[in-house]
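Below is one structure; the comments refer to it alone.
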Amino acid sequence: MVAEVTFFILSALALGSAVMVITRRNPVHSALWLIVTLFSVGGVFLILRAPFLFAVQIILYVGGIMVLIIFVIMLVSVDVSGRQQQFSRQWLVGLTTVLILAAELGYALYRGSKGFLLARSAPAAALENNTQAIGTALYQNYMLPVEIASILLLVAMVGAVLMAKRKME
Amino acid sequence: MPEATYLDANELVINMGPQHPATHGVLRVKLRLDGERVLGTECIIGYLHRGVEKIAENRTYVQFAPYVDRMDYVAAVTNGMGYCEAVEKLMGVELPPRAQYTRMILAELQRIASHLLWLGTHALDIGAMTPVFYTFREREEILKIFENYCGARLTTHAFRIGGLQYDLYDGFEKDATKFCDYLLPKIDEYEELLSTNRIWMNRTKKVGVLSGKDAIALGVTGPVLRGSGVKWDIRKVQPYEAYDKVEFEIPTGQNGDTYDRYIVRIQEMRQSVRIIRQSVERLAPGPIFGKVGKVIKPPAAEVYHSIEAPKGELGYFVVSDGSTHPYRVRVRPPSFVNLEALDIMSRGHLVADIVAIIGTLDIVLGEVDR
Amino acid sequence: MLQNVLQFLNDHYLILATIKILIVFAVLLGIVAYLVLMERKVLAFMQARLGPMRVGPWGLLQPIADGLKLLLKEDIVPAGADKFIFLLAPVISIIAAFTVFAVIPFGPPDKGFVISDINIGLLFILAVSSLGIYGIILGGWSSNSHYPLLGALRSSAQLVSYEVAAGLAVIGVLLCANSLSMVEIVKNQQAAGIWNVFRQPVAFIIYLIAAVAETNRNPFDLPEAESELTAGFHTEYSGFRFALYFMAEYTAMVLVSAIAVTLFWGGWLRPFASVHWLNFLDYTPVVVFLGAGVVVILGSIKNPVPGEKLFLFAVAGLCFFLAVVVAIPPVNAWIQGVFWFVAKVMVFLYAFIWYRGTFPRYRYDQLMNVGWRVMIPVGLANIIVTAVVIYWWSKPHAAAAATLLFR
Amino acid sequence: MADEPKAPPSGGPSEPPAKSPEAPEGAAPPAKPAGKPPAPAGKPPAPAPKPAVKPEPWSSPLLDELQKRFPEAISDPLIFRKQPSIVVAKESLLGVCEFLKSDRGGSYTLLTDETAVDYPKREKRFDVIYHLYSFQRNDRLRLKVLVGEGEKVPSVVGVWLTADWLEREVFDMFGVQYEGHPNLKRILLPDDWTGHPLRKDYDILRQDDAWVQANLNIKSGQ
Amino acid sequence: MGLKELLRRIFLLDLVQGLRLTFSYQRPSATYTEQYPRERPPVAERYRGAPRLNNNPETGETLCIACNLCSLACPENLIVVGWERTEDRRKKLTTFTYDVSRCMFCGLCEDACPVDALELTQDFEIANYTREGMIWDRDLLEAGPQPVRYSR
Amino acid sequence: MMPIPPTWCVYLGTGLFTIGVIGVLTRRNVIIILMSIELILNAVNINLVAFSRYFGEVDGQIFAIFVITDAAAEAAVGLGLLIALFRNKETVNADEIDLLKW
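Protein chains in written order, with this note's numbering: chain Z, 231 to 399; chain S, 151 to 520; chain V, 27 to 433; chain C, 28 to 249; chain L, 141 to 292; chain D, 68 to 169.
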């Protein structure tokens, strides 16, 4: 019962702050609301027995990526864009597309929700204390993807440094 | 500056001072920044302007003497000495040796005091907060000697035109020697704390580099010039008082960076100790006044006299019309000219280096603004 | 009666946790307040000064006076500031600093000296302490002023880089302890009979440096470098909110010290815990309190002001009383863990102050160089070496590797 | 402000300077005003009351070289207390400076000081004074340029970088205009200051009174 | 960089020697502070502090002969001497004001005084709550500085 | 304790996803577009974790970790692009990034 109520609260928080993210004028406020969303999603992870992922969510997303984003927001001037028009020229087209998409998704979910009632639902304790399991899986079964991901990160890092670098004098 | 950004699309203009912990007074520096890199600086000075040169025209020669103490208020003795000597030169007065050596001892003590104060505040600017207390402690001993000698600690008004106001107090020689013995190990301590410290070296080496040629072109004098490798000290090249009778060396640097200027000043303190020791030995009883009348009334002429103040060449250009009031007294302040080099020295450095460079120039705003 | 209470608390762990939280919070507040006094005093002695002497004997009441002053000062919000964020930022800072204490074991957990022993304790610490940066960056940004903004930018870059270094250092410990739980890490050191600082000296030094950097302390106090940025990110703050930042900084100091003690210095373990002929060390608390009492008595005799004399007598009496209490064997056994933990933390805190009294400040780019070019590579190398050593020491793996290599 | 002595006190016996070190009270010459009011400002070198060393004509190889190169431009070579000084015509100032800075001219590479003196009664009221120093010769040289009100002096910033601020200061204090100075504006005083304080005819009280009248609505603050 | 220097850097010895120095300064004997109101600093004999107008200790009459030399010597013009002629044409001091707020304690007035009447004493506590309070008249000057002794 | 039905998580994921897509398609500010992409990735993560929970396997969480890794890389590159863009065009508006339009 507690889990359900918490889940509802966290979901509402996540959705509400997500709406705030895309409607705020000031990107810093957007970023702050996004942090709220990320926290709520992290809470959902906890309810879903994924404490390691919760920690990763906080450390990487909140402590890393969002700091980076806020850093960049402060680096580039926000005053100018804050005064300008907020929505792009094709916002109407975009919105329509998304609404159609949302309707499709909703319909599909509505029709297919029965299919989600899975035959074999895992016991509640199956994923308890899964940090070690994740580690084992990551470094044994998923060795190659981990390496690929690390190369991706390396490339991204080098690329970011190169792009943000000043022109050579 | 609403459109200010931190990228080179636009420059950020930051105002450092006039109330800023690291500008050593009421110096205002406008920094043009690209990120933290300095594109240019503009010094705005004059917040402490008191019109000293105008005051001089409305005072007698004697009355003006206390005012010069208030220009470089951390080196009042040398200020007063320069002024007195300029007027004495104008009048053609020769001082008796006792007065000369007394002046030299006090001036060298003052040089040590000024360098100590500089070292403390410079270290504080760079983030080491402890040396300032040590150096002030040592400086306090010097100020005690001053207080015993002339009754004032900071703005001493120690000398009079033609000689000394006071003869040395009993035990002065002992105090001075004792101080020298006390100071040398302390200087070693500062070096222990800073000279080889990697952070200190990182912060000062290759910062604010000034080649010897640039230094001369910019007109900087004193330790700043010597840090750039120019072996030039007025005490040696154009000796005044009895500096030609004592032995000492002129420490110089090689790279002309902040670290070299630091080393030069540290070494200068050691040399000053040498001068003090020799001068104390040569103190002999005798008169303390040259042949001056009760009324100071120099001939109508003009004279330029400069001495090696702790901060550089301190010059006095005195124009007399033959009356008791100077017609014009021009002060050539070392800090003013040295500060001019800030812009060129700081280009391309970071904000933190600006602080180090202002510190290493060793300016006193009372002297810059007069 | 006592049994009932304990039983009740055991059943309702939330209530127990709340009580523990309150106790830890109150004690931390006191420690932080007196840490400020300690810093001022220690710095003063290092600098041939006396430090605060006017409020109470030896300035013992100074923290209270400071706190009152800060509380009563006007709370200024600068014009053009983003008001909500401006008000929020210090709160984030202090919450992040205090929350982490939830997983720190102050003493043996079977005596209840840990609020919550969660199995991802270390990750939790990294996660929450990475939030503290928001307090600084948002505070600097929302002030709408140049110096705080520069301070905020500096600090965000600095904290992000040094968090990586700290994380790498911690991984070495993880490899040794095989667990993310703080309690397990200490127990591992107990079992091994050696503190991690001796097993992982490089990791310890990296962590120490990173900790100093993460708490914005000298020589890495760039975000608030007073000679460059006046006061850095909190230039525009005043009164209570400034006090929050101040407390957050000192709490963070206590925090990183506590983490360092837990990870590297054996947490609540007594030095040489396994050497039994050194068991008389268990009575060190008694000696410490007695010594403090004697010092205070001597001070009170010298003190000329009657009121202060009385106050000092009272303090000395308290010290003697505590010494007697601590000498009682059950209490002594109960207090052991906490005493050693606090003592070790104090050593760290002293070291923090000591650095501040000695070193100049790094420049921004040099700081980044130290972080990225020295600490992170060394940290990585440390991990690799540790992993290899552990791999070789665990026999089956060694055999497997040997067959892999020499078949 | 101006402390003109009101009345001449009875002249004390002029005795030789006391030499007793034990009596500091009597050791210094008391600051007595002169027997007559000071010479009116602006009257250049008044006749000295007592015989003293006077500036004497100066001659040296350098001067000859200068006079050869810049006939007309150099005048009044004087030496006093071993300090030579020459007056340079404004028009050839830059040439003279360039020459003096060069190796042939003695390499006066250091501009120690630049200042001015105001003689309001004179036809050309300002002396702009340059103090040069040569590291090679270990020698100082004083240049003077006579400038009238409203005339422009060529700026020597191109020769010695130091002159930048010094010329700004002279401009600030005397109102001497420089030609070719990169950034000629006030340096010590605020930009909206009126007048140039070191001129002899500058009323010291003016600024004060103006402020008082504008802000306090009274005539004078003194 | 030699090997010695390299080892110094790796083992952080340059930092350690600084730490050693600051640590050693913690001994109580190294403390330099004076606790000012509680401990009074020794003041030099020649100290130039608050002015005093001396009286003849035997007769109690002022030593000042109203010669006005101090007033003329003062660079700041802050001394005003008032006198009147007695019957025998001698000057007699009536008023004497001394504006301490403008004084820079250069000691020129003291030097100028021919009879040791005006003296700068060793007292340095001359703060006052008002500007007017800093202008000392003859009574105050003759009484000499009466500093407040702070105590608890 | 009954696990939360997977449908709920899927609904939550859908909602977040839709909001994220709206943000991407309608906002002008590149930074906010980047943040909306983070929203979308989070929606995906919720689904992955939810199904991981219901199958009792960790593979879903592993995938979520990869997604977060990806997000980090994307943020780094995206922000790098943004800085380069801002330096050249002094704007963070998506509409004005039209050099390749014809």
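Beta carbons are placed, not taken as given, at the ideal position from N, Cα and C, and that holds for glycine. Computed from a predicted structure; not experimentally measured.
Checklist entry - Start and end of the alpha helix (DSSP H) containing S/D493? => result Residue mapping note: residue 493 of chain S aligns to position 343 of the second sequence, counting from 1. Here the alpha helix (DSSP H) through S/D493 covers 492-496.
Checklist entry - Between the Cα of V/N305 and the Cα atoms of V/A359, V/N408, V/Y263, which residue gives the shortest distance? => result Here residue 305 of chain V refers to the residue found at position 279 of the third sequence. Residue V/A359 is the option with its Cα nearest to V/N305.
Next on the checklist: Bridge partners for S/P483 per DSSP, in chain order?
Outcome noted: As a position in the second sequence, residue 483 of chain S is number 333, starting the count at 1. Answer is none; S/P483 lacks a bridge partner.
Checklist entry - Just to check, is the beta-carbon of L/A190 closer than 7 Å to a non-hydrogen atom of the ligand MN? => result Looking for the ligand MN in the displayed structure turns up nothing, as the structure carries no ligands at all.
Next on the checklist: By DSSP's criteria, L/G222 is part of a beta bridge. Which residues make up the other side?
Outcome noted: Reading the fifth sequence from its first residue, position 82 is the one you call residue 222 of chain L. In DSSP, L/G222 forms a bridge with L/T235.
Next on the checklist: I'd like the list of long-range same chain contacts for V/V341, defined as Cβ closer than 7 Å, with 5 residues on each side in sequence excluded.
Outcome noted: The sequence position of residue 341 of chain V within the third sequence is 315, counting from 1. Contacts found: V322.
Next on the checklist: Can you confirm whether Z/I288, when its beta carbon is compared against all beta carbons of chain V, has any partner nearer than 8 Å?
Outcome noted: On the first sequence, position 58 is the one that residue 288 of chain Z refers to. Closer than 8 Å: yes.
Checklist entry - Does the distance from the CB of V/T412 to the CB of V/L194 come in under 8 Å? => result By one-based count along the third sequence, residue 412 of chain V stands at place 386. By one-based count along the third sequence, residue 194 of chain V stands at place 168. It is not a contact, given that the beta carbons lie outside the stated cut-off.
Next on the checklist: For L/M274, which residues in the same chain have their Cβ closer than 6 Å to its Cβ, ignoring the five residues on either side in sequence?
Outcome noted: One-based indexing of the fifth sequence puts residue 274 of chain L at position 134. The answer, listed in chain order, is V240, S241, N268.
Checklist entry - Do you know how far the Cα of L/R160 is from the Cα of S/R385? => result To locate residue 385 of chain S, count along the second sequence from 1; it is residue 235. To locate residue 160 of chain L, count along the fifth sequence from 1; it is residue 20. Between S/R385 and L/R160, the C-alpha separation is close to 38 Å.
Checklist entry - If you measure from the beta carbon of L/Y238 to each beta carbon in chain S, is any gap under 8 Å? => result To locate residue 238 of chain L, count along the fifth sequence from 1; it is residue 98. It does not; no Cβ of chain S falls within 8 Å.
Checklist entry - When DSSP builds the beta bridges, which residues end up paired with S/Y316? => result Along the second sequence, read from residue 1 onward, the residue named residue 316 of chain S stands at position 166. Answer by DSSP bridge pairing: none, since S/Y316 is not bridged.
Next on the checklist: Is there a Cβ of chain S sitting closer than 8 Å to that of V/Y388, yes or no?
Outcome noted: The residue you call residue 388 of chain V lines up with position 362 of the third sequence. Yes, contact with chain S.
Checklist entry - Do you know offhand how far S/I513's Cα is from S/G312's? => result The sequence position of residue 513 of chain S within the second sequence is 363, counting from 1. The sequence position of residue 312 of chain S within the second sequence is 162, counting from 1. Whole-angstrom Cα-Cα distance: 29 Å.
Checklist entry - Any idea what DSSP makes of S/C193, helix, strand or coil? => result Here residue 193 of chain S refers to the residue found at position 43 of the second sequence. Note: S/C193 maps to strand in three-state DSSP.
Checklist entry - If contact means a Cβ-Cβ distance below 7 Å, which residues of the region 393-417 of chain S contact chain L? => result none
Checklist entry - Under 8 Å between the Cβ atoms of D/I129 and Z/Y372? => result For the purposes of this step, residue 129 of chain D is taken as residue 62 along the sixth sequence, with counting starting at 1. For the purposes of this step, residue 372 of chain Z is taken as residue 142 along the first sequence, with counting starting at 1. In this structure, Z/Y372 lies closer than 8 Å to D/I129 by Cβ.
Checklist entry - When the Cβ atoms of the region 61-73 of chain V are set against those of the region 373-385 of chain V, are three or more pairs found closer than 8 Å? => result yes
Checklist entry - The beta strand (DSSP E) spanning C/S102 covers which residue range? => result Translated into the one-based positions of the fourth sequence, residue 102 of chain C becomes position 75. Element bounds for C/S102: 101-107.
Checklist entry - What in chain Z is Cβ-close to V/W167, meaning under 8 Å? => result On the third sequence, position 141 is the one that residue 167 of chain V refers to. Those are V258, I300, M304, listed as they occur along chain Z.
Checklist entry - Can you tell me whether DSSP reads S/K180 as helix, strand or coil? => result Here the question's residue 180 of chain S lines up with position 30 in the second sequence. Here S/K180 sits in strand by DSSP.
Next on the checklist: Give me the chain L residues within the contact set of V/M72, using Cβ-Cβ distance strictly less than 8 Å, ordered along the chain.
Outcome noted: As a working mapping, residue 72 of chain V is identified with position 46 in the third sequence. T162, F163, Y165, Q166, listed in chain order.
Next on the checklist: I'd like to check one pair, S/A502 with V/Y188: are the Cβ atoms closer than 8 Å?
Outcome noted: Reading the third sequence from its first residue, position 162 is the one you call residue 188 of chain V. Reading the second sequence from its first residue, position 352 is the one you call residue 502 of chain S. Cβ atoms of V/Y188 and S/A502: not closer than 8 Å.
Next on the checklist: Give me the subset of the region 455-484 of chain S whose CB atoms are less than 8 Å from a CB atom of chain V, sorted by chain position.
Outcome noted: none
Next on the checklist: According to DSSP, is L/L195 part of a helix, a strand, or is it coil?
Outcome noted: Here the question's residue 195 of chain L lines up with position 55 in the fifth sequence. In the sequence on display, residue 195 of chain L carries Asn and not Leu. Correct three-state label for L/N195: strand.
Next on the checklist: Just to make sure I have the definition right: I need the residues of chain D whose C-beta is within less than 7 Å of the C-beta of Z/G294. Which are they?
Outcome noted: Locating residue 294 of chain Z in the first sequence gives position 64, counting from the first residue. Within 7 Å Cβ-Cβ: A139.
Checklist entry - What are the residues that DSSP puts in a beta bridge with C/K179? => result Mapped onto the fourth sequence, residue 179 of chain C falls at position 152. Answer by DSSP bridge pairing, in chain order: C/Q204.
Checklist entry - If we ignore side chains and look at the alpha-carbon of each, how far apart do V/V58 and V/Y276 end up? => result Looking up residue 58 of chain V in the third sequence gives position 32. Looking up residue 276 of chain V in the third sequence gives position 250. V/V58 and V/Y276: Cα-Cα distance of roughly 6 Å.
Item to check | Opening and closing residue of the beta strand (DSSP E) in which V/G405 lies | outcome: Numbered from 1 along the third sequence, position 379 holds the residue referred to as residue 405 of chain V. Taken as a continuous stretch (DSSP letters only), V/G405 belongs to no beta strand (DSSP E), being part of the alpha helix (DSSP H) at 402-419.
Item to check | The alpha helix (DSSP H) enclosing C/I113, as first and last residue numbers | outcome: Against the fourth sequence, residue 113 of chain C aligns to sequence position 86. Premise fails: C/I113 lies in the beta strand (DSSP E), 110-115, not in any alpha helix (DSSP H).
Checklist entry - By DSSP, does L/Y176 sit in helix, in strand, or in coil? => result The residue you call residue 176 of chain L lines up with position 36 of the fifth sequence. Coil, per DSSP.
Next on the checklist: For a contact defined as C-beta to C-beta under 9 Å, what are the partners of C/V81 on chain S?
Outcome noted: Here the question's residue 81 of chain C lines up with position 54 in the fourth sequence. Checking the displayed sequence, the identity of residue 81 of chain C turns out to be Lys instead of Val. P449, A450, A451, listed in chain order.
Next on the checklist: Quick check: what's the CA-CA separation for V/M64 versus V/G397?
Outcome noted: Looking up residue 64 of chain V in the third sequence gives position 38. Looking up residue 397 of chain V in the third sequence gives position 371. One C-alpha to the other measures close to 29 Å.
Next on the checklist: Am I right that S/I507 and S/T346 are in contact with their C-beta atoms under 8 Å? What's the rounded C-beta distance?
Outcome noted: Here residue 507 of chain S refers to the residue found at position 357 when the second sequence is read from its first residue. Here residue 346 of chain S refers to the residue found at position 196 when the second sequence is read from its first residue. With 8 Å as the limit, S/I507 and S/T346 do not qualify as a contact, their Cβ atoms being about 22 Å apart.
Checklist entry - Just how far apart, CA to CA, sit S/F467 and S/L240? => result The residue labelled residue 467 of chain S in the question sits at position 317 within the second sequence. The residue labelled residue 240 of chain S in the question sits at position 90 within the second sequence. Rounded to whole angstroms, S/F467 to S/L240 spans 10 Å at the Cα level.
Next on the checklist: I need the boundaries of the alpha helix (DSSP H) containing V/I47, first residue and last residue.
Outcome noted: Translated into the one-based positions of the third sequence, residue 47 of chain V becomes position 21. Taken as a continuous stretch (DSSP letters only), the alpha helix (DSSP H) holding V/I47 covers 39-72.
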